[in-house]
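In what follows, a structure is listed as C-alpha cells, so that the remarks can point back to it.
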Amino acid sequence: MNKILDVISDEMKRAFVAAGYSKELGKVTLSNRPDLCEYQCNGAMAGAKQYKKAPIMIAQEVAGELTASEIFEEVSAVAPGFLNLKLKPKFLRDYLLQMSHEPKFGLDMPVKPKKIVIDYGGPNVAKPLHVGHLRSAIIGESIKRIARYAGHEVIGDIHLGDWGLQMGLIVTELEERFPELPYFDESFQGEYPKEAPFTISELEEIYPLASGKSKEDAEYRTKAMNATFKLQNGERGYRALWQHILDVSVADLKKNYRNLNVEFDLWKGESDVHDLIPHMVEDMKAGGYAYISEGALVVDVKEETDTKEIPPCMILKSDGAALYNTTDLATIRERMDQIHPDELIYVVDKRQDLYFEQVFRCARKTKLVEPETELKFLGFGTMNGKDGKPFKTREGGVMRLESLLTEINEEMYKKITDNRTVDEDEARDIARIVALSAVKYGDLSNQASKDYIFDIDRFTSFEGDTGPYILYTIVRIKSILSKYKDMGGSLVEVMLQEPASESEKGLMLQLVSFNAMMESANEEIAPHKVCSYIYDLANAFNHFYHETKILTEEDPVRKEGFIALLVLTRDILETCIEVLGFQAPERM
Ligand code: ARG
256 MNKILDVISD EMKRAFVAAG YSKELGKVTL SNRPDLCEYQ CNGAMAGAKQ YKKAPIMIAQ
316 EVAGELTASE IFEEVSAVAP GFLNLKLKPK FLRDYLLQMS HEPKFGLDMP VKPKKIVIDY
376 GGPNVAKPLH VGHLRSAIIG ESIKRIARYA GHEVIGDIHL GDWGLQMGLI VTELEERFPE
436 LPYFDESFQG EYPKEAPFTI SELEEIYPLA SGKSKEDAEY RTKAMNATFK LQNGERGYRA
496 LWQHILDVSV ADLKKNYRNL NVEFDLWKGE SDVHDLIPHM VEDMKAGGYA YISEGALVVD
556 VKEETDTKEI PPCMILKSDG AALYNTTDLA TIRERMDQIH PDELIYVVDK RQDLYFEQVF
616 RCARKTKLVE PETELKFLGF GTMNGKDGKP FKTREGGVMR LESLLTEINE EMYKKITDNR
676 TVDEDEARDI ARIVALSAVK YGDLSNQASK DYIFDIDRFT SFEGDTGPYI LYTIVRIKSI
736 LSKYKDMGGS LVEVMLQEPA SESEKGLMLQ LVSFNAMMES ANEEIAPHKV CSYIYDLANA
796 FNHFYHETKI LTEEDPVRKE GFIALLVLTR DILETCIEVL GFQAPERM
C-alpha cells in the first residue's frame, strides 16, 4: 500500500505540473508547525530561483489547482511561500480503513526478501551475564523482530564465547581443587560421569578467582594457557570437562534470556568453527593474502583512503594459537557455506568497531563472502549509572544482570501495590511484565550508538517517555474495549468514521504513518524510531481519551467509530511493542 506521504505528494505534484512547474517540487513532508497545519510543501520556495518568480506567487498558483482536491481540505499559501496543508476527514478515514484491512497495516513486503544473520548476545560461557550483555540482547532481539516483520528471513545466532582462555582458566582451577577427578587422569579409558562436578554458582565463583590468580601468578597463567591449548587440540578429559561447563552454563543462560523474552535460533559458539580453521588458514596462504610477520600469520587490511591506521588482521599467533579474529572469520565462512545469507549484522559494543572493520575487510579480501554480501556492524554505547560512569552495583562491583532485573522488578512491584490491593501473585506477574518494558524501552528509545543513563526511577515511571507509560496506555484501551463488550458490544462489526474533533483527527494522523515508520526503522536498523512513534501515538491517544466521552456517546454510529479507532490503536501499539520485544499485561 502506498505510504500516505507518497499519496499526498502525488496529488501535490499534479498541482505543480498543472500550474506549469516541475513535478519534483511537489514533495510533501510532515508539518514542523503542527499548530498551523498537518503537512507542508516547500516546493514553491525551492522553485523560485529556477522560475524567477516570487515563491508566494508560485504557492498561490499551486493552491489554486487544489481547490477541488479530494485529499486536501485546506491548502494555504503563506509568506514567504510555504504551502500549509490539512487533510479532508474523509480521505484520512478511507486511508485508515484500507490500512486496517491490509496485512501488516499496509507495510509493503520486499520483492526479494533478504536472508539475514544477526549475531547478538555474545555471552561468555561460565562468566555471569552482566549489564554489558544486556544491550546486545535487547537491541539485537528488536532488530531481528523488526526485520522479520518487514518480511525478511532472519536467523539470530548467540555466538557464545566458549573457546578462549577463560575455559583453560576454569579447567586449571578445577584441577587444582579436584586433582582426583578422572578428567585429569591421562590414562583414564572409561566413560566420564554424566553429571557435572560443579554447579553454576560454583562455576561463577571459580572463573573470577582463576582469572585473578592468573594475573598475579605467572606459573598459573602458563598452566591455564597450556590447558587452553590442550583443550583446543582435543585432549579427551578436558573436552569432557568443557562439555560440562558448556552444558551447565548454557542451561543458566537459557533461563536468563527467557526472562528477557530473547530467543536465539542458533546457539552456536566460537568452538563450533575450530575444525574449520586449518583449512581457512591454508586458503588464505594459498590465495597469497596471509603472510608471516614477526612470527604471526597476518592479512593486511589497510586501504589507500584510510585516514587512520588500520593494523593488519592477525590470523594465528606465533605459537599457532587461534584468536578471537580467527573464530569470527571462520564463523563467517561457516555461515556463508551453511546459510548463504545476503547480510550479516553484528550487534556488539561500539568499542569493538575497529576490530570489526578489520574482520570485515579481511573477509572481503580473502573472499570468505560474496562481493554483494552486506556486512554491518551495529555498535552500541555504554549503559551508565546516574553518575555518568559505567553502571555498577552500590558496592562498586560489576552489576550482574540478574541483580539488576531483581532490583527493577522490586521497584515495579512496590509501585503496583502502592495504595492498592492486588493479589500477590498477580502483582508479581504484572511487575515482571512492566519491569521488562521499563528496561527494554529505556534502552531502545535511545539511538543504539549513544551511551545512556540507566535511571530506575525514570524508567519505571508511568508518565513520560517510558515503557510503563506505553503499557498503561494499552491497558487503558483494553479496559475500555472490555467494558464495551460487557455492555453487549462487538469489536468486529464496528466501522471507522470520519474524525469529528481535533483530537480524534490527531490520533488518526499518528496511525496513518505506521507503515512508513516501520519501513524506515527496518532500513535504518533503528528500533528507537519505533519507540518515538509509539510515544507520539500514546500521547495522541491519551489526548483523545481525555477530550472524548467514548462509552457514553449517544450516537451509535459515532460510538462504534470510536471503538474501531481504539481497536486499531491497540493493534498498532501491540504490534510495535512486540517488535521491541515486550508485551502488555491485561490489567495494571
Ligand atoms: N563474547 C564477546 C564479548 O563478550 C562478544 C561477541 C560478539 N560477537 C562476535 N561475533 N564477535 O565481548
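Just so we're aligned, residue 256 is where the sequence shown starts under the numbering used here, counting upward by one.
Just so it is clear, CB atoms sit at the ideal spot from N, CA and C, and this is done for glycine as well.
Bear in mind the structure is a predicted one, so any value in this text is a computation, not a measurement.
Neighbourhood of residue i by C-beta, 6 Å cutoff - its chain only, sequence neighbours within 5 removed
| i | result |
| --- | --- |
| M267 | G281, V283, C296 |
| T672 | A682 |
| A551 | M569, K572, S573 |
| M539 | A545, T621 |
| T427 | K478, A479, A482 |
| S526 | D417, W418 |
| K345 | E753 |
Close Cβ partners of residue i (< 7 Å) along its chain, the five nearest in sequence each way excluded
| i | result |
| --- | --- |
| H595 | K370 |
| E815 | V749, M750 |
| A577 | I532, L571 |
| V333 | N339 |
| L285 | Y294 |
| L821 | I732, I735, L736 |
| F433 | P452 |
| A776 | I401, P782, K784, V785 |
| T637 | P645, D706 |
| V614 | C568, N580, D583, L584 |
| N797 | T728 |
| F360 | M354, F769, N770, I827 |
| L659 | V386 |
| E316 | A274 |
Coil, strand or helix - residue i by DSSP
| i | result |
| --- | --- |
| N297 | coil |
| D199 | Given a span of 256 to 843 for the chain in the structure shown, any question on residue 199 remains unanswerable. |
| N701 | coil |
| I735 | helix |
| E681 | helix |
| R588 | helix |
| I708 | strand |
| I547 | strand |
| A506 | helix |
| K499 | Reading off the sequence, residue 499 comes out as His, not Lys. Residue state, collapsed to three classes: helix. |
| N674 | coil |
| N639 | strand |
| F337 | strand |
| Y601 | strand |
| V554 | strand |
| E471 | helix |
| L623 | coil |
| H798 | helix |
| E292 | The question names Glu, yet the displayed sequence has Cys at residue 292. Looking at C292 - three-state DSSP - the assignment turns out to be coil, as it is neither helix nor strand. |
| L571 | strand |
Cβ separation of residue i and residue j, assumed to be a contact under 8 Å, to the nearest whole Å
| i | j | result |
| --- | --- | --- |
| N770 | L362 | 4 Å |
| S700 | L726 | About 14 Å separates the two Cβ atoms, so there is no contact after all. |
| L764 | I827 | Not quite, the Cβ-Cβ distance comes to about 13 Å (not below 8 Å), so this is no contact. |
| F799 | S758 | 4 Å |
| E396 | V517 | 5 Å |
| D608 | G634 | 5 Å |
| G897 | K740 | Shown here, the chain extends from 256 to 843; a query on residue 897 therefore has no answer. |
Own chain residues within Cβ distance below 8 Å of residue i, not counting five before or after
| i | result |
| --- | --- |
| V730 | A839, P840, E841, R842, M843 |
| E662 | I711 |
| K647 | G640, V653, M654 |
| L384 | P378, L508, N511, R655, L656, E657 |
| V262 | I326, Y350 |
| G319 | A274 |
| V677 | I671, I685 |
Residue-level contact to chain D via CB, residue i, 8 Å cutoff
| i | result |
| --- | --- |
| Q315 | Among the protein chains of the structure shown there is no chain D, as only one such chain exists. |
message: Closer than 6 Å between the C-beta and any heavy atom of the ligand ARG: which residues qualify, listed along the chain?
response: D374, G377, N379, H414, G416, D583, Y601, V603
query: Should the stretch 774 to 786 be called in touch with the stretch 739 to 749, which here means at least 3 C-beta pairs below 8 Å?
result: no
- prompt: Using 8 Å as the threshold, is the stretch 455 to 468 in touch with the stretch 402 to 417, meaning 3 or more CB pairs across them?
  reply: no
task: Evaluate contact between the stretch 414 to 424 and the stretch 375 to 394, counting only Cβ atoms and requiring at least three cross-stretch pairs below 8 Å.
output: yes
The stretch 333 to 352 in contact with the stretch 286 to 295 per 3-pair CB rule at 8 Å: yes
- prompt: How about the stretch 436 to 453 and the stretch 390 to 407: do they share at least three Cβ pairs that are nearer than 8 Å?
  reply: no
field: the stretch 616 to 623 contacting the stretch 466 to 477, beta-carbon criterion three pairs below 8 Å
entry: no
query: Counting pairs of beta carbons, one from the stretch 787 to 798 and one from the stretch 270 to 279, are three or more of them closer than 8 Å?
result: no
message: When you compare the stretch 805 to 814 with the stretch 827 to 836, are there three or more beta-carbon pairs, one atom per stretch, that lie closer than 8 Å?
response: no
task: Report yes or no: do the stretch 496 to 508 and the stretch 555 to 562 share at least 3 C-beta pairs separated by less than 8 Å?
output: no
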